[in-house]
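Here's the structure we're looking at; comments come further down.
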Amino acid sequence: MTTSATQTQYQTTAELTAQQQAVVNHQHGHAKVIAVAGAGKTTTLTHFIAARLQQGVVPRRMLVLMYNKAAQLDFEAKLQRLLPQQALPEIRTFHSLGLRIYQRLIQQQVLPAFGQKLLSDGEVENVVWRLLQQAADDDTRQEILSQKKKWVEPAMAFIDLVKAGLSPAAEVFETLDYPPACRLFITVFEQFESWRKQQGRISFSDMIYDPVRCFQQDPQLARQFGGHMQWILVDEYQDINEIQQYFLEVLHGGRGSLMVIGDPDQTIYEFRGSRPEFIIEQFDRRFNDQPVQRYQLPHTFRYGHEISLLANQLISHNQQRDAVLCLSHSNTPVSRVKLHRARYEAGLIVKLIEAESAQRPLEQIAVINRLWALCAPVELTLLQKKIPYQLHNSLSVLDRWELHVFWLLLEIAAGRFGQRTQAEREKAWLHILTTPYPKIKRSMLEQVARQLSQAETDFSEALLAAIPPELSKWQREQLEDRAAVLANAEFVNTSAYRILQDYIEQTDLYQGIEDSAFSAQQIEDRQQTIKSFIAFIRDSQQASAQAYDYLLQLKQQRLQQDNNTGVHLTSIHKSKGLEWPVVIIPGLNAHYYPYTPEGEFTTAASEESERRLLYVAMTRSQQQLHLLAPATDLSRQKNHAPAERLSRFQHELNITQCQQLAQALNQQQTQLELTTAPPPWLADYCRQVNAVLELSSAPAVAAREMPQDYIIERKYPEPQEKQRVLHEVFGRGYILSQDENYIKVRFDNDHKLRTFDRKKAADFLSYDG
1 MTTSATQTQY QTTAELTAQQ QAVVNHQHGH AKVIAVAGAG KTTTLTHFIA ARLQQGVVPR
61 RMLVLMYNKA AQLDFEAKLQ RLLPQQALPE IRTFHSLGLR IYQRLIQQQV LPAFGQKLLS
121 DGEVENVVWR LLQQAADDDT RQEILSQKKK WVEPAMAFID LVKAGLSPAA EVFETLDYPP
181 ACRLFITVFE QFESWRKQQG RISFSDMIYD PVRCFQQDPQ LARQFGGHMQ WILVDEYQDI
241 NEIQQYFLEV LHGGRGSLMV IGDPDQTIYE FRGSRPEFII EQFDRRFNDQ PVQRYQLPHT
301 FRYGHEISLL ANQLISHNQQ RDAVLCLSHS NTPVSRVKLH RARYEAGLIV KLIEAESAQR
361 PLEQIAVINR LWALCAPVEL TLLQKKIPYQ LHNSLSVLDR WELHVFWLLL EIAAGRFGQR
421 TQAEREKAWL HILTTPYPKI KRSMLEQVAR QLSQAETDFS EALLAAIPPE LSKWQREQLE
481 DRAAVLANAE FVNTSAYRIL QDYIEQTDLY QGIEDSAFSA QQIEDRQQTI KSFIAFIRDS
541 QQASAQAYDY LLQLKQQRLQ QDNNTGVHLT SIHKSKGLEW PVVIIPGLNA HYYPYTPEGE
601 FTTAASEESE RRLLYVAMTR SQQQLHLLAP ATDLSRQKNH APAERLSRFQ HELNITQCQQ
661 LAQALNQQQT QLELTTAPPP WLADYCRQVN AVLELSSAPA VAAREMPQDY IIERKYPEPQ
721 EKQRVLHEVF GRGYILSQDE NYIKVRFDND HKLRTFDRKK AADFLSYDG
């Protein structure tokens, strides 16, 4: 079962560590507590509150601020169990407290009243899309109309980022690596705020943003809301952003004491404005009315030495941190880390799930992805095998927007498209005509879609007849190519894979996706989702006429499943604050760790930020951590994709050494011979866990994982005729013939004979045997 990080075994006062007790005993003045993952923060804070109340602090003069609603409810439940039938302090999220102050400002007529219903994402999306069109020139407006997601998503993210801080929109824009065409976001932000105020609406962000803006403009007003608390406690302080920091300063008002608790190594919400320097430096500077006492909670109650050593080994490479060693408490279970060399990760992940599920419920297993693109093939395989899963995302892979055009093609192949109403057909046709966008005026494509909506059969002929005569030769060919695929879908008895692959090739769909997104991450997410779906359709060997019903059956299977049962499919950001007995982390390669996307609309994350993400993912595990790395031993071979090369983080982890050390500690060995130099913090770790371990270095370093700087020459297998091969796109096949320059391959589900350069074939083909 999924548990919050604060739900690890609850401790009584007698069971508190010396470090936890030191925090509980803090009497007055500001305090900063650096707590590692699974350190019992909730336990420590609840006991601190109990101690202060016992000393006579009035509950209403204590305020506890939590980062989200789930953490708030969990904290309240534990505090009530510790202090039954006793008046408790107010426990709120930042936003709920902001909303209460907002309502007070309305009563004082400082802020106007707003509609009780918060703006939904859908409402904001529609308004932003309209404002983008109004702010754009004619050429850009045409693109915005045709490629809504490309523009609306980053514009909404920009609005949220502005509201996470105190700077004007124009200044925020200058800090981002957005292309000049996006400068209209500044205008859109200002117009959105004007629209919002005219309509009397607020969003989730505005609960804090609007009151803080008032406080900035009127410091006297701000003083009304500050200085009322003897104690303010802030959990997950590393996730705070600039506007929440200012809000906290207003609440403090120069009186009372603050205690903040968090871990700068777990700062992973930079896209929301969080920065590790708030907890590392800014707290001491901004709350300088009293000395700041620093405490550490280094003991984790979540996992054993093997994961603790691994976490320390990785995060010690970061410079921007408040260095605290993560120490496994003596009560923690023995934890194991296993590195897997994977050629096909989704298949291996499902095998690991099946193996682990023989020992524990599926609900105790989580797959944590760096990008959602990694999740698509896993979800499809689980669906096919009827293994239940919980998706920590709003959309199943079968509902993804980028797959909708394939559903429509298969609906035509199944003979179902004509059963739609005319209005439904018009909407569907417009999607086909614009996916990918053929650089034809949208108004003209809308006219074509209206004409096509009248047809109930012979869709390819209808499309050819509806092509406007004024189109250029190139534009006409774009629509003719789609008509040819439609003809095959409607009249040719072939494989579903062939229909969909033809559509991809004829429309140059992957290039269209690149043209319709600014973010490299968004491009990869969509392209990898499509590739995973195409591979799934290929391997399922569905005929074109039956594939639509097969997919509907899978979708129905998903809808009937309880989303609170089964293995967890999640992302690193979604997994924050949670823990599971078994965690599987795919994609430990040079592409995803660190992930540094390039291209428009991309602000590359720092390497330290990427290292923190992997640190958070690994420390969600309690007992078993599976890491999936490339099957090859490549380091920096330029002719291989980053996903085939080792991550530099893998070298930093030095997994083999961590396993050796953990085994020695678990077995209480006194001597250990290492094949690599021990990390500088190891002696301190052993001392703090009361271990006496004498280390020596072996002369040989053969077992050492090769660093990124080493280039390992790959020895390619010599291909043989009739040998079976696997290609990422074309699937399985066999070598038909070869000479000294070329290899010819016949793929099982491909009607064309494919020719590959012999010297480069190993980049695209994997050989069986």
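Residue 1 is where the sequence shown starts when you use UniProt numbering, and the numbers rise one by one after that.
Ideal placement from N, C-alpha and C gives every residue a C-beta, glycine not left out.
Among the options, whose alpha-carbon lies nearest the alpha-carbon of residue i?
i    : options                : result
K427 : S316, Q451, I440       : Q451
L661 : H727, S335, E477       : S335
V57  : A70, W372, H28         : H28
Q546 : P438, G200, L409, E424 : L409
H591 : R645, R687, I349       : R645
T675 : Q659, N666, K576       : Q659
E480 : E490, A465, A31        : A465
L309 : Y295, V324, R223, Q320 : V324
I243 : N318, V162, D284       : V162
R620 : P581, K32, A631, F649  : P581
I353 : L105, V378, N331, A342 : V378
Q663 : A691, P642, Y548, S544 : A691
S396 : I307, L551, Y497, P468 : L551
G165 : W151, Q216, A35        : Q216
V405 : F185, Y548, R558       : Y548
I499 : S544, C214, I91        : S544
L184 : F173, E193, D177       : F173
V583 : A489, V616, V745       : V616
V567 : W129, T140, R360, A87  : R360
E456 : A423, E470, S472       : A423
S575 : N369, V23, Q282        : N369
Throw me the rounded Cβ distance for the residue i and residue j pair, which I believe falls under 8 Å.
i    : j    : result
L380 : F533 : 7 Å
Q506 : V492 : Not really, about 14 Å apart at Cβ, beyond 8 Å.
L233 : L45  : 6 Å
S453 : W429 : 6 Å
R611 : I315 : 7 Å
L625 : V337 : 5 Å
F94  : I268 : About 18 Å separates the two Cβ atoms, so there is no contact after all.
G253 : G226 : 2 Å
A355 : Q528 : Contact flag wrong, Cβ pair sits at about 26 Å.
L554 : L383 : 5 Å
Can you find the residues in the same chain that come closer than 8 Å, C-beta to C-beta, to residue i, ignoring five residues on each side of it along the sequence?
i    : result
T434 : S146, R442, L445
P436 : T507, D508, L509, Q511, G512, I513, D515, S516
D160 : S205, R272
Y742 : T755, F756, D757, R758
Q19  : Y295, Q296, L297, P298, H299
D684 : L325
Give every residue of the same chain whose Cβ lies closer than 6 Å to the Cβ of residue i, excluding the five residues on either side of it in the sequence, and list them in chain order.
i    : result
D502 : V485
E598 : Residue confidence is low: E598 scores 47 on pLDDT, short of 50, so the model does not pin down where it sits. Its coordinate-derived value is still stated next. Cβ within range, chain order: A520.
E345 : P586, L628
K197 : none
M259 : A31, L233
L613 : I268, I572
I279 : Y237, Q238, G262, P264
On the CB-based measure, 16 or more other CB atoms within 10 Å of its CB, does residue i come out buried or exposed?
i    : result
W401 : exposed
D263 : buried
E15  : exposed
P594 : buried
E694 : exposed
L99  : buried
G256 : buried
T175 : exposed
T332 : buried
I106 : exposed
P219 : exposed
Counting only the same chain and skipping the five closest in sequence on each side, list residues whose C-beta sits under 7 Å from that of residue i.
i           : result
residue 850 : Because the chain in this structure spans residues 1 to 769, residue 850 falls outside the shown range and cannot be described.
A677        : S697
C214        : L105, V110, L111, L221
Runs of alpha helix (DSSP H) wholly within the region 607-661 (minimum 4 residues, chain order): 607-618, 648-653
Mind pulling the beta strand (DSSP E) runs of 3 or more residues that sit fully within the region 462-497? none
In chain order, which beta strand (DSSP E) runs of at least 3 residues are fully inside the region 319-381? 336-342, 365-369
At what residue ranges does the region 179-214 contain a whole run of the alpha helix (DSSP H), taking only runs of 4 or more? 184-199
Any beta strand (DSSP E) of 3 or more consecutive residues that is wholly inside the region 86-161: 90-93
Runs of alpha helix (DSSP H) wholly within the region 13-91 (minimum 4 residues, chain order): 18-24, 41-54, 69-82
Unbroken stretches of the beta strand (DSSP E), 3 residues or longer, contained in the region 542-582: Every beta strand (DSSP E) stretch that sits fully inside the region 542-582 and reaches 3 residues is listed by chain position as 567-571.
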